[in-house]
Amino acid sequence: MNFKILWNDNRLHVGFTLCLVWLLNLWHFRESGNIFPIILYPLLAIAIIAALDVGLTSLRYRKILGPHPALRGRTASFAYLPTAAVVSGFLIGLILSPSEPFYVILTAAILTSISKHFLAAGVRQHIFNPAAFGIMGVYFILGTTVSWWGIAWSHSPLIILIPLMVRILLRLKRLFLPVGFLVIYGIYLLIFNPVEFALRTIIDPTVLMFALVMLPEPMTSPAVGNFKYLFGALVVILAILISNFASISEILLPALLTANLLSFIYLKYKLRPKSVVG
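For what it's worth, the numbering used here labels the leading residue of the sequence shown as 168, then goes sequentially.
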(Lines of atoms letter the chains of each structure in order from A and count residues from 1; the text may use other names and numbers.)
(Lines give C-alpha, C1' and ligand atoms only; values in the text may rest on other atoms or scores of the structure.)
Protein backbone atom coordinates (compact mmCIF):
# COMPACT_ATOMS: atom_id res chain seq x y z
CA MET A 1 0.00 0.00 0.00
CA ASN A 2 1.36 3.39 -1.02
CA PHE A 3 0.98 5.62 2.05
CA LYS A 4 2.01 8.69 0.06
CA ILE A 5 -1.05 8.21 -2.15
CA LEU A 6 -3.23 7.83 0.92
CA TRP A 7 -1.75 10.96 2.47
CA ASN A 8 -2.56 12.91 -0.69
CA ASP A 9 -6.12 11.55 -0.88
CA ASN A 10 -8.28 14.59 -0.19
CA ARG A 11 -11.24 12.37 0.68
CA LEU A 12 -9.34 11.18 3.73
CA HIS A 13 -8.60 14.78 4.67
CA VAL A 14 -12.31 15.60 4.49
CA GLY A 15 -13.08 12.41 6.41
CA PHE A 16 -10.57 13.40 9.09
CA THR A 17 -12.22 16.82 9.38
CA LEU A 18 -15.65 15.25 9.82
CA CYS A 19 -14.17 12.78 12.30
CA LEU A 20 -12.96 15.68 14.44
CA VAL A 21 -16.45 17.20 14.33
CA TRP A 22 -17.88 13.83 15.37
CA LEU A 23 -15.42 13.56 18.27
CA LEU A 24 -16.44 17.03 19.41
CA ASN A 25 -20.04 15.82 19.39
CA LEU A 26 -19.08 12.77 21.44
CA TRP A 27 -17.60 15.06 24.07
CA HIS A 28 -20.48 17.52 24.05
CA PHE A 29 -23.19 14.84 24.22
CA ARG A 30 -21.24 12.44 26.45
CA GLU A 31 -23.98 12.46 29.09
CA SER A 32 -26.85 12.32 26.61
CA GLY A 33 -29.23 9.38 26.49
CA ASN A 34 -28.43 9.10 22.76
CA ILE A 35 -24.67 8.68 23.21
CA PHE A 36 -24.69 5.06 22.01
CA PRO A 37 -26.20 5.81 18.56
CA ILE A 38 -24.05 8.95 18.37
CA ILE A 39 -21.03 6.66 18.63
CA LEU A 40 -22.41 3.82 16.53
CA TYR A 41 -24.30 5.35 13.61
CA PRO A 42 -21.41 7.06 11.76
CA LEU A 43 -19.24 3.95 12.16
CA LEU A 44 -22.10 1.72 11.00
CA ALA A 45 -22.68 3.87 7.91
CA ILE A 46 -18.96 3.88 7.07
CA ALA A 47 -18.72 0.09 7.44
CA ILE A 48 -21.76 -0.60 5.25
CA ILE A 49 -20.74 1.80 2.49
CA ALA A 50 -17.14 0.56 2.54
CA ALA A 51 -18.21 -3.09 2.31
CA LEU A 52 -20.60 -2.40 -0.56
CA ASP A 53 -18.05 -0.21 -2.36
CA VAL A 54 -15.35 -2.88 -2.17
CA GLY A 55 -17.70 -5.64 -3.29
CA LEU A 56 -19.33 -3.73 -6.12
CA THR A 57 -16.06 -2.21 -7.33
CA SER A 58 -14.47 -5.64 -7.43
CA LEU A 59 -17.45 -6.99 -9.35
CA ARG A 60 -17.37 -4.14 -11.85
CA TYR A 61 -13.64 -4.41 -12.55
CA ARG A 62 -13.60 -8.19 -12.84
CA LYS A 63 -16.75 -8.78 -14.85
CA ILE A 64 -17.40 -5.51 -16.67
CA LEU A 65 -14.19 -3.55 -17.07
CA GLY A 66 -11.56 -6.19 -16.50
CA PRO A 67 -8.36 -5.47 -14.54
CA HIS A 68 -7.61 -1.78 -14.32
CA PRO A 69 -4.44 -1.04 -16.34
CA ALA A 70 -2.91 0.83 -13.42
CA LEU A 71 -3.09 -2.33 -11.30
CA ARG A 72 -0.74 -4.29 -13.62
CA GLY A 73 -2.75 -7.45 -13.56
CA ARG A 74 -3.86 -7.33 -9.93
CA THR A 75 -7.58 -7.37 -9.22
CA ALA A 76 -9.30 -4.27 -7.99
CA SER A 77 -10.34 -5.91 -4.72
CA PHE A 78 -6.72 -5.93 -3.52
CA ALA A 79 -5.96 -2.35 -4.50
CA TYR A 80 -9.17 -0.44 -3.95
CA LEU A 81 -9.53 1.39 -0.65
CA PRO A 82 -13.01 2.92 -0.13
CA THR A 83 -11.84 6.23 1.33
CA ALA A 84 -14.96 8.03 0.09
CA ALA A 85 -17.00 5.82 2.43
CA VAL A 86 -15.48 7.68 5.39
CA VAL A 87 -16.85 11.00 4.14
CA SER A 88 -20.29 9.65 3.22
CA GLY A 89 -20.60 7.67 6.45
CA PHE A 90 -19.76 10.61 8.68
CA LEU A 91 -22.16 12.86 6.75
CA ILE A 92 -24.98 10.37 7.22
CA GLY A 93 -24.15 10.00 10.90
CA LEU A 94 -23.91 13.76 11.50
CA ILE A 95 -27.00 14.76 9.51
CA LEU A 96 -29.55 12.05 10.33
CA SER A 97 -30.70 12.20 13.93
CA PRO A 98 -29.25 9.65 16.40
CA SER A 99 -32.80 9.15 17.67
CA GLU A 100 -33.73 7.43 14.39
CA PRO A 101 -33.93 3.60 14.31
CA PHE A 102 -30.77 1.86 13.11
CA TYR A 103 -32.47 0.66 9.92
CA VAL A 104 -32.69 4.29 8.78
CA ILE A 105 -28.89 4.53 8.83
CA LEU A 106 -28.65 1.12 7.16
CA THR A 107 -31.01 2.18 4.37
CA ALA A 108 -29.27 5.53 3.87
CA ALA A 109 -25.90 3.80 3.58
CA ILE A 110 -27.22 1.29 1.03
CA LEU A 111 -28.83 4.04 -1.05
CA THR A 112 -25.58 6.01 -0.91
CA SER A 113 -23.64 3.10 -2.35
CA ILE A 114 -26.33 2.38 -4.95
CA SER A 115 -26.16 5.97 -6.20
CA LYS A 116 -22.39 5.68 -6.64
CA HIS A 117 -22.42 2.42 -8.56
CA PHE A 118 -25.70 2.36 -10.47
CA LEU A 119 -26.67 6.01 -10.96
CA ALA A 120 -23.47 6.91 -12.73
CA ALA A 121 -22.29 7.77 -16.21
CA GLY A 122 -19.20 5.58 -15.93
CA VAL A 123 -16.27 4.87 -13.68
CA ARG A 124 -15.74 7.77 -11.22
CA GLN A 125 -18.58 9.74 -12.83
CA HIS A 126 -21.36 9.94 -10.25
CA ILE A 127 -24.48 11.84 -11.17
CA PHE A 128 -25.68 12.61 -7.64
CA ASN A 129 -23.87 13.50 -4.45
CA PRO A 130 -23.93 10.05 -2.80
CA ALA A 131 -24.53 11.11 0.81
CA ALA A 132 -27.22 13.61 -0.19
CA PHE A 133 -28.93 10.91 -2.25
CA GLY A 134 -28.91 8.45 0.64
CA ILE A 135 -30.16 11.01 3.15
CA MET A 136 -32.96 12.31 0.94
CA GLY A 137 -33.81 8.74 0.01
CA VAL A 138 -34.70 7.86 3.60
CA TYR A 139 -36.40 11.25 3.96
CA PHE A 140 -38.86 10.40 1.19
CA ILE A 141 -39.11 6.63 1.72
CA LEU A 142 -39.16 6.44 5.52
CA GLY A 143 -40.25 9.95 6.47
CA THR A 144 -36.98 10.61 8.30
CA THR A 145 -36.15 14.07 9.60
CA VAL A 146 -33.04 15.71 8.13
CA SER A 147 -31.81 17.30 11.34
CA TRP A 148 -28.15 18.23 10.73
CA TRP A 149 -27.86 17.56 14.47
CA GLY A 150 -24.07 17.11 14.47
CA ILE A 151 -23.44 20.69 13.39
CA ALA A 152 -26.63 22.60 14.24
CA TRP A 153 -26.25 22.59 18.03
CA SER A 154 -23.54 25.25 18.16
CA HIS A 155 -21.04 27.30 16.19
CA SER A 156 -18.25 25.41 17.97
CA PRO A 157 -17.85 22.75 15.23
CA LEU A 158 -17.09 25.57 12.79
CA ILE A 159 -13.78 26.13 14.58
CA ILE A 160 -12.78 22.76 13.16
CA LEU A 161 -14.75 22.77 9.93
CA ILE A 162 -13.93 26.14 8.39
CA PRO A 163 -10.10 26.26 8.51
CA LEU A 164 -9.62 22.61 7.56
CA MET A 165 -12.14 22.63 4.72
CA VAL A 166 -10.87 25.95 3.35
CA ARG A 167 -7.37 24.46 3.24
CA ILE A 168 -8.64 21.37 1.41
CA LEU A 169 -10.71 23.39 -1.06
CA LEU A 170 -7.78 25.69 -1.81
CA ARG A 171 -5.72 22.61 -2.56
CA LEU A 172 -8.46 21.29 -4.84
CA LYS A 173 -8.98 24.75 -6.40
CA ARG A 174 -12.69 24.52 -5.54
CA LEU A 175 -13.13 27.29 -3.00
CA PHE A 176 -15.05 29.30 -5.59
CA LEU A 177 -17.99 26.86 -5.23
CA PRO A 178 -18.88 27.58 -1.59
CA VAL A 179 -17.89 31.24 -1.92
CA GLY A 180 -20.16 31.70 -4.93
CA PHE A 181 -23.01 29.92 -3.19
CA LEU A 182 -22.68 31.97 0.00
CA VAL A 183 -22.38 35.29 -1.85
CA ILE A 184 -25.46 34.70 -4.02
CA TYR A 185 -27.44 33.30 -1.10
CA GLY A 186 -26.38 36.23 1.07
CA ILE A 187 -27.47 38.77 -1.56
CA TYR A 188 -30.86 37.09 -1.84
CA LEU A 189 -31.31 37.10 1.94
CA LEU A 190 -30.31 40.77 2.21
CA ILE A 191 -32.81 41.80 -0.46
CA PHE A 192 -35.81 40.14 1.17
CA ASN A 193 -34.91 40.05 4.86
CA PRO A 194 -33.47 42.22 7.63
CA VAL A 195 -29.68 42.38 7.76
CA GLU A 196 -29.52 40.58 11.10
CA PHE A 197 -31.54 37.63 9.80
CA ALA A 198 -29.45 37.43 6.61
CA LEU A 199 -26.16 37.40 8.51
CA ARG A 200 -27.43 34.87 11.04
CA THR A 201 -28.58 32.57 8.25
CA ILE A 202 -25.43 32.80 6.15
CA ILE A 203 -23.20 31.85 9.10
CA ASP A 204 -25.54 29.13 10.29
CA PRO A 205 -23.48 25.96 10.86
CA THR A 206 -25.89 23.92 8.72
CA VAL A 207 -25.47 26.25 5.75
CA LEU A 208 -21.69 26.37 6.13
CA MET A 209 -21.33 22.60 6.41
CA PHE A 210 -23.44 22.19 3.29
CA ALA A 211 -21.45 24.82 1.41
CA LEU A 212 -17.99 23.63 2.47
CA VAL A 213 -18.44 19.85 2.40
CA MET A 214 -21.38 18.72 0.28
CA LEU A 215 -21.60 21.38 -2.43
CA PRO A 216 -17.98 21.11 -3.74
CA GLU A 217 -17.86 17.29 -3.73
CA PRO A 218 -15.39 16.62 -6.59
CA MET A 219 -17.26 13.78 -8.30
CA THR A 220 -20.57 15.58 -8.73
CA SER A 221 -19.77 19.30 -8.97
CA PRO A 222 -18.48 20.70 -12.29
CA ALA A 223 -14.73 21.20 -12.52
CA VAL A 224 -14.31 22.49 -16.07
CA GLY A 225 -15.74 25.31 -18.15
CA ASN A 226 -17.50 28.47 -17.07
CA PHE A 227 -20.42 26.49 -15.69
CA LYS A 228 -18.38 25.62 -12.61
CA TYR A 229 -18.63 29.27 -11.54
CA LEU A 230 -22.42 29.22 -11.92
CA PHE A 231 -23.05 25.96 -10.08
CA GLY A 232 -23.33 27.59 -6.65
CA ALA A 233 -25.80 30.16 -8.00
CA LEU A 234 -27.84 27.35 -9.57
CA VAL A 235 -28.10 25.59 -6.21
CA VAL A 236 -29.26 28.84 -4.57
CA ILE A 237 -31.94 29.39 -7.23
CA LEU A 238 -33.18 25.82 -6.88
CA ALA A 239 -33.22 26.09 -3.08
CA ILE A 240 -35.34 29.25 -3.34
CA LEU A 241 -37.76 27.57 -5.75
CA ILE A 242 -38.04 24.49 -3.53
CA SER A 243 -38.63 26.58 -0.41
CA ASN A 244 -41.44 28.49 -2.14
CA PHE A 245 -43.16 25.78 -4.15
CA ALA A 246 -42.45 22.43 -2.45
CA SER A 247 -43.89 21.21 0.83
CA ILE A 248 -40.71 19.72 2.25
CA SER A 249 -38.71 20.72 5.30
CA GLU A 250 -35.25 20.21 3.77
CA ILE A 251 -34.31 22.47 0.86
CA LEU A 252 -30.51 22.41 0.54
CA LEU A 253 -30.01 18.73 -0.26
CA PRO A 254 -32.86 18.50 -2.84
CA ALA A 255 -31.47 21.65 -4.48
CA LEU A 256 -28.02 20.06 -4.65
CA LEU A 257 -29.34 16.80 -6.12
CA THR A 258 -31.37 18.66 -8.73
CA ALA A 259 -28.33 20.78 -9.62
CA ASN A 260 -26.25 17.59 -9.90
CA LEU A 261 -28.72 16.21 -12.44
CA LEU A 262 -28.96 19.44 -14.43
CA SER A 263 -25.17 19.78 -14.43
CA PHE A 264 -24.79 16.22 -15.69
CA ILE A 265 -27.31 16.78 -18.49
CA TYR A 266 -25.75 20.10 -19.49
CA LEU A 267 -22.18 18.82 -19.55
CA LYS A 268 -23.17 15.64 -21.37
CA TYR A 269 -24.89 17.71 -24.07
CA LYS A 270 -22.06 20.24 -24.27
CA LEU A 271 -19.32 17.63 -24.49
CA ARG A 272 -21.21 15.48 -27.00
CA PRO A 273 -19.23 15.13 -30.25
CA LYS A 274 -20.67 17.36 -32.94
CA SER A 275 -21.63 15.70 -36.19
CA VAL A 276 -19.71 16.77 -39.26
CA VAL A 277 -21.80 17.66 -42.30
CA GLY A 278 -20.45 16.83 -45.73
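Using N, Cα and C, we set each Cβ at its ideal position, and we do this for glycine too.
Query	Result
Residue range of the unbroken alpha helix (DSSP H) whose run includes Gly392	Note, Gly392: premise wrong, no alpha helix (DSSP H); not H, not E.
Cβ shell of Gly347 (< 7 Å), same chain only, five flanking positions each side left out	Tyr396, Gly399 and Ala400
Beta-carbon proximity of Ile216 to Ser280, cut-off 7 Å	yes
Given 8 Å, three or more beta-carbon pairs between the stretch 373-382 and the stretch 333-345	yes
Which listed residue (Leu336, Leu185, Tyr306 and Leu223) has its alpha carbon closest to that of Gly256	Leu185
Reduced DSSP category for His293 - H, G, I as helix; E, B as strand; rest coil	strand
Cβ neighbours of Thr373 in the same chain (closer than 7 Å, five flanking residues each side left out)	Trp315, Ile318 and Ala319
Under the three-state DSSP convention, the category Leu248 falls into	coil
Ile216, enclosing alpha helix (DSSP H) - first and last residue	Ile202 to Arg227
Close-in-space but distant-in-sequence residues of the same chain around Phe431 (CB under 6 Å, 5 per side omitted)	Ile294
Cβ distance (whole Å) where Leu223 is taken to contact Thr274 below 8 Å	Going by Cβ atoms, the distance from Leu223 to Thr274 rounds to 17 Å, so no, they are not a contact pair.
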